Structures are given as C-alpha cells and as structure tokens.
Amino acid sequence: WAKAEGRGRWAVYDPERSARDIARSALVAGLPVALERDEFVLHYQPIVSLLDGRMLAVEALVRWQHPELGLIGPDRFIGLAEETGLIVRLGEWVLRRACQDAQRWHVEFPESRLVVSVNLAARQADTPVIVDTVADALASSGLPAGLLQLELTESAVMGSAGEPLRTLYRLAALGVRLAVDDFGTGYSNLAYLRRLPITCLKLAAPFVEGIRGDEPDAADHRDERIVDALVRLAHALELWVTAEAVETEAQAERLRALRCDSAQGRLFGPPEPAEAIRTRLDGG
Ligand code: C2E
Ligand code: MG
Ligand code: MG
Ligand code: MG
C-alpha cells in the first residue's frame, strides 16, 4: 500500500487526503453563505486584573454555528477566511457586533469601563480602509473609542513599514487601544516595537504554560525567566501585560509575583455568549 512506503510514495490517490480536501472546500464554500445567513456568533472571554480580580476587558472570539456540524471554532475557519479574502467582511462583522455588544454593556454598567478586545487579521490590519471601518463601527454603535482594543499579531505589526505603520498610527489616533497578540511567538523586532503606537502586550500561551508554580524544574524556570523579562520590557515601554491561557491558581500566583498586570484563561472563565458577560457585570 503506497501510503505505508513513506518517502518513496507516488500514489496519486489518498482517500484520507481527499476526504480532508472535500471537507475543506465545503467549509470554504460555506463561509460566504454563513455570513449571509448570520451563522457566526461571538463569545467573550474575561480579561481580569491580577491585582484585584476585576474584569477589565473581554476578548471577542468568533465561532460558526454550523447548521449540520454544530459550533465550529475559529482555528478551523479563520485561516481559510484569510486565504480567500473573506476575512475582511467577516472581520468587519465581528468588529461591528463586538462594538454593539460593548456599547450595550457600557450603557447599562457605565462604571465598569469594560473594554472589548477584537482580533484583527494581518490582512485587515494592513489595508488603510481599516481606519474608516473602525471609525464607522464606533460611530454607529456609539461606543467610546477608549473602550475598544484591537489585537494584532507580531507578524502583522512587525512587518509593517511605511503605509501600514501609518495605518497603525491613524488607528491609535482614533483613541482605540492596540495590543500585540501572542507576543513572543512571532519574530519580535524590539527596535521596531518601541516605534509602535501600542498599549498592551499579550504574552503567548506557551510561556504561560511553562509556569507551574509548583516545584519548578529547569525548563519551567526558563519560561518563568522569559515571562519575567517580557513583563519588565513591557513596563519599561509603559505597556500593559496580559497573560493568555492561565489555567491554574499556581500560574496566577506566579504571574502576580512577576508583576504581570492582567490575565485571561480558563481559571477566570471560558469564552461565553454576551448574555453571560452581562450576568457577570450584574454581579451574578
Ligand atoms: P487568540 O486571539 O490568541 O485567542 C485566545 C485563544 O485561547 C482562544 O481560542 C481561547 O478560547 C483560548 N483559550 C482560552 N482560555 C484558555 C486556556 O485556559 N488555555 C488554553 N490553552 N487556551 C485558552 P479560540 O477561541 O479557539 O481562538 C483561536 C484563535 O482564533 C484566536 O487566538 C485568534 O487568533 C483567532 N480568532 C478568534 N476570533 C477571531 C476573529 O474574530 N478575527 C480574527 N482575525 N481571528 C480570530
Ligand atoms: Mg478553539
Ligand atoms: Mg487574541
Ligand atoms: Mg492570543
């Protein structure tokens, strides 16, 4: 059987592979239809202060409520949407919906100052029209610009020069906050970092995973030292730091000791529908 022969393979038909391709093209074809049928939903995950546990922000995370396949996570379709270009329209939908939900929370619970954090794909972030899209999402929802944070990946911001960098400055000039997502996993150009109009670094999950707090072995220690260094770097640049994927109290304890400002992860709550966030704000 050709597949078992590994390197020397010359088989033209691989049933597993073509099943995957069929599933993939079904998702690709389904994406624009899903947008028209309003099948996307946003879940929100709390970002809490490590000082007092207060909910400072929520990150908007998109899901696809597929009529046959059920709830599909973004890891299965964001990449496809980026490849096909649909991410621009999907991203705009996410932005508008997130601003509307956040404005509703802001009107009902103004003292919460809850920030909504929205992920921007590289493809959205490097077109100048994103500035108009964001300005319009703010104006039509009524959400104060200071309550919106945009998350960009390192590759989206570090690669930018000239026009894209101007776009970031124009976004910052709207009054929105800019965060670098998954910091430490891409290529971190530190000389470049100091020129970016950003307000927050989100420490990538792998570093947080390496922090256990219990009997640290050599490897754990290394991740902890990296987090220590990244938090110091961020603070030296007057940036906030959010640790991602915090799952245990021991991790939260260590992060607190390392002066990390805020955190997000299963320990503080999973991504949930908007109504669950409202309940939290209501003290429930
Ligand atoms: P991300 O922006 O880094 O989002 C954080 C991911 O970590 C989320 O996965 C979240 O559910 C997951 N997570 C939460 N708590 C924990 C934890 O305690 N442990 C671990 N290991 N993981 C945790 P999700 O929702 O599957 O999203 C995956 C990625 O999809 C996001 O990563 C983001 O890059 C992308 N994404 C999601 N929504 C959007 C969107 O609206 N636009 C764009 N462009 N990308 C999006
Ligand atoms: Mg997922
Ligand atoms: Mg994110
Ligand atoms: Mg992240």
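Residue numbering for the sequence shown is 19 to 302, as defined by the working numbering.
Just so you know, even glycine gets a beta-carbon here, dropped at the ideal spot from N, CA and C.
Just so it is clear, the structure is predicted and the values come from calculations on it, not from any experiment.
Name, in chain order, the residues that DSSP records as bridge partners for residue i.
i      : result
His84  : Gly88
Ser280 : Ser67 and Thr260
Tyr62  : Ala78 and Glu290
Thr151 : According to DSSP, which records beta bridges pairwise, Thr151 is partnered with nothing at all.
Asp246 : Beta-bridge pairing links Asp246 to no other residue.
Glu169 : Asn137 and Ala197
Leu156 : Answer by DSSP bridge pairing: none, since Leu156 is not bridged.
Cys218 : Ala197 and Trp258
Between residue i and ligand 1, is there a pair consisting of the residue's CB and a ligand heavy atom that are separated by less than 6 Å?
i      : result
Glu86  : no
Leu79  : yes
Ala52  : no
Arg284 : yes
Ile216 : no
Pro33  : no
Ala163 : no
Leu44  : Leu is not the amino acid found at residue 44; the sequence shown has Ala there. Not so, every heavy atom of ligand 1 lies at least 6 Å from the Cβ.
Ala139 : yes
Pro224 : no
Ile96  : yes
Val245 : no
Pro128 : no
Val112 : yes
Val289 : According to the sequence shown, residue 289 is Pro rather than Val. Yes, the beta carbon of Pro289 sits closer than 6 Å to at least one heavy atom of ligand 1.
Glu265 : yes
Have a look at residue i and residue j and give me their C-alpha separation to the nearest angstrom.
i      : j      : result
Asp70  : Leu285 : 15 Å
Thr171 : Glu110 : 17 Å
Gly48  : Glu86  : 11 Å
Glu100 : Val59  : 18 Å
Ala52  : Gln142 : 20 Å
Gly202 : Leu45  : 31 Å
Asp56  : Ser43  : 20 Å
Ile105 : Leu138 : 9 Å
Ala261 : Tyr187 : 25 Å
Ala254 : Leu276 : 14 Å
Leu168 : Ile90  : 23 Å
Asp93  : Ala41  : 15 Å
Arg122 : Leu273 : 32 Å
Asp300 : Phe127 : 8 Å
Asp150 : Ser158 : 12 Å
Phe95  : Gly88  : 13 Å
Gly97  : Arg81  : 13 Å
Glu271 : Leu248 : 17 Å
Following a CB-centred definition, is residue i positioned closer than 6 Å to any heavy atom of ligand 4?
i      : result
Glu172 : no
Glu262 : yes
Taking the alpha carbon of residue i as the point to measure from, which residue in the options has its own alpha carbon closest?
i      : options                           : result
Leu165 : Glu227, Val152, Glu181 and Arg184 : Val152
Arg298 : Ile40, Val66, Val30 and Ala52     : Val66
Thr185 : Leu211, Arg212 and Thr145         : Thr145
Glu265 : Gln142, Val226 and Arg38          : Val226
Gly283 : Phe58, Leu53 and Leu79            : Leu79
Gln269 : Pro224, Asn207, Leu196 and Leu189 : Pro224
Leu208 : Glu242, Glu181 and Ser173         : Ser173
Gly360 : Arg213, Pro50, Ala263 and Ser159  : Outside the displayed range of the chain (19 to 302) lies residue 360, so it cannot be described from this structure.
Gly307 : Arg195, His124, Ser130 and Ala263 : Look at the range of the chain in this structure, 19 to 302, and you will see that residue 307 is not part of it.
Ser130 : Leu138, His84 and Leu74           : Leu74
Gln63  : Gly302, Gly301, Asp300 and Ile295 : Ile295
Ala292 : Leu89, Asp119 and Ser206          : Asp119
Gly287 : His61, Asp279 and Arg195          : His61
Shorter than 6 Å, the distance from the beta carbon of residue i to the closest heavy atom of ligand 6, or not?
i     : result
Gly91 : Here the bound small molecules are ligand 1, ligand 2, ligand 3 and ligand 4; ligand 6 is not part of this structure.
Mind listing which residues have their beta carbon within less than 5 Å of any non-hydrogen atom of ligand 3? Chain order is fine.
Residues close to ligand 3 by the beta carbon criterion (under 5 Å to any non-hydrogen atom) are, from first to last along the chain, Asn137, Glu169 and Asp199.
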